[in-house]
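Sequential numbering of the sequence shown, starting at 8, is according to our numbering. All C-beta atoms in this analysis are idealised placements derived from N, C-alpha and C, irrespective of residue type, glycine included. Treat the numbers as computed from the prediction; the structure is a model and nothing was measured. Worksheet for the structure shown next.
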Amino acid sequence: MPFPVEIADARGRSIRLDEPPRRIVSLVPSQTELLAHLGLHEATVGLTRFCVRPEGWKDEKEIVGGTKNVRVEKVEALRPDLVLANREENTRDVVEAIDAFAPVFVTDVKSVPDAAAMIRAVGRLTGRPGEADALADRLDRRFDALTGDLTGATPIPVAYLIWQGPYMTVGGDTIIHDVMRRAGFENVFAARTRYPEVTPAEIAAAGARAVLLPDEPFPFDADAAAELRDTLPDSVPTRLVNGQLFSWYGPRLAEAPPYLRRLRDSLPDAS
Numbered sequence: 008m009p010f011p012v013e014i015a016d017a018r019g020r021s022i023r024l025d026e027p028p029r030r031i032v033s034l035v036p037s038q039t040e041l042l043a044h045l046g047l048h049e050a051t052v053g054l055t056r057f058c059v060r061p062e063g064w065k066d067e068k069e070i071v072g073g074t075k076n077v078r079v080e081k082v083e084a085l086r087p088d089l090v091l092a093n094r095e096e097n098t099r100d101v102v103e104a105i106d107a108f109a110p111v112f113v114t115d116v117k118s119v120p121d122a123a124a125m126i127r128a129v130g131r132l133t134g135r136p137g138e139a140d141a142l143a144d145r146l147d148r149r150f151d152a153l154t155g156d157l158t159g160a161t162p163i164p165v166a167y168l169i170w171q172g173p174y175m176t177v178g179g180d181t182i183i184h185d186v187m188r189r190a191g192f193e194n195v196f197a198a199r200t201r202y203p204e205v206t207p208a209e210i211a212a213a214g215a216r217a218v219l220l221p222d223e224p225f226p227f228d229a230d231a232a233a234e235l236r237d238t239l240p241d242s243v244p245t246r247l248v249n250g251q252l253f254s255w256y257g258p259r260l261a262e263a264p265p266y267l268r269r270l271r272d273s274l275p276d277a278s
């Protein structure tokens, strides 16, 4: 795709690049992994401490803080010609501070189609449209096949928790909810928004037939699962799951459908 390129971000702000970026800073783990998939190892100069994929990049790139506590002065010192941020994962004050010295492309991914659109947009901004389109097409095909295979199946009511102390779940306006829905699960807290607090009594009352416990952002393990199970009816099992395959919206999401199908088939109410 020829440059210049001009694309509006999630804020409606137009980002124009006259040439492919050579110094990219990513403030979003999913999008850091996307940069690697697009072959932008040399062009990526900075990332957060939560950008754990691909392995090795944290040892090679400048760490600019966490997703919520970005060190703006470190970003500026890298002289970036493109910064990738996300409306949910990064704070407005950080994004606006970086706006003063670098182009910031802010994403807002709440569904699988949003993820595909984000991948295509980042591909165009970075001069990798072919690679990005191939990944987005694969993502679309695999989720279309998953939902097609489940046509006529009864969705399994589940709760998906992201935190303990207090317990927190996911509402209907999140990427995790959309992934669950496409994988044949019914989010029993779909009527809520974002990440509300819930109690075990509310989980049971909502009709959950299982509780999914990811390994991130809270690292649920067997002990945490047992603690929760002690507060739930015997008919509501817990299941430890791979959180990245529900919530990372870069190349990892394209690998999720086979895992999601196996997970669904393993639950007692699968049909």
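Note the first and the last residue of the continuous alpha helix (DSSP H) segment covering THR39.
In this chain, the alpha helix (DSSP H) harbouring THR39 covers 36-44.
Short Cβ contact (8 Å threshold) for PRO87 with ARG131
Cβ distance not < 8 Å, so PRO87 and ARG131 don't count as in contact.
If you check the beta carbons only, do GLU40 and PRO258 fall under 8 Å apart?
Yes, these two residues count as a Cβ contact at 8 Å.
What are the boundary residues of the beta strand (DSSP E) that ALA217 is part of?
Unbroken beta strand (DSSP E) run through ALA217: 217-221.
If CYS58 and PRO36 are in contact, beta carbons under 8 Å, what's the gap, nearest whole angstrom?
The pair is a contact, with the Cβ atoms about 5 Å apart (cut-off 8 Å).
Classification of ASP156 by the beta-carbon crowding that lies within 10 angstroms, buried from 16 upward
By the Cβ-count criterion, ASP156 is exposed, with fewer than 16 other Cβ atoms from all chains shown falling within 10 Å of its own Cβ.
ILE7 vs GLU193 beta-carbon contact at 8 Å
Any answer about residue 7 is impossible in this case: the structure gives the chain only from 8 up to 278.
Could you round the C-beta distance between PRO240 and ALA211 to whole angstroms and report it? I think they count as a contact, below 8 Å.
With 8 Å as the limit, PRO240 and ALA211 qualify as a contact, their Cβ atoms being about 6 Å apart.
Cβ pair count under 8 Å reaching 3, the region 43-53 against the region 12-25
With a cut-off of 8 Å, the region 12-25 and the region 43-53 do not count as touching, because too few Cβ pairs lie within range.
So, at 6 Å on beta carbons, what are the nonlocal neighbours of ASP185 in its own chain, with the 5 sequence-adjacent residues on each side left out?
The answer, listed in chain order, is SER118 and VAL119.
Look at the Cβ atom of ASP222, then the Cβ atom of THR114, and state whether they are nearer than 8 Å.
No.
Integer-rounded CB distance, given that THR200 should sit under 8 Å from GLY178:
Yes, GLY178 and THR200 are in contact; Cβ-Cβ is about 4 Å, under 8 Å.
Tell me the residue span of the beta strand (DSSP E) that contains GLY53.
Element bounds for GLY53: 51-54.
Between the Cα of ALA231 and the Cα atoms of ARG189, ARG269 and GLN171, which residue gives the shortest distance?
Comparing Cα-Cα distances from ALA231 to each of ARG189, ARG269 and GLN171, the minimum goes to GLN171.
Residues that TRP170 bridges to, as DSSP identifies them:
According to DSSP, TRP170 bridges with MET175.
Measure from the alpha carbon of LEU146 to the alpha carbon of each residue in PRO265, TYR167, LEU219 and VAL165, then state which is nearest.
Out of PRO265, TYR167, LEU219 and VAL165, PRO265 has the C-alpha closest to the C-alpha of LEU146.
Using a Cβ-Cβ cut-off of 8 Å (strictly less than) and excluding sequence neighbours within five positions of ALA261, which residues of its own chain qualify?
LEU142, ARG145, LEU146 and ARG149.
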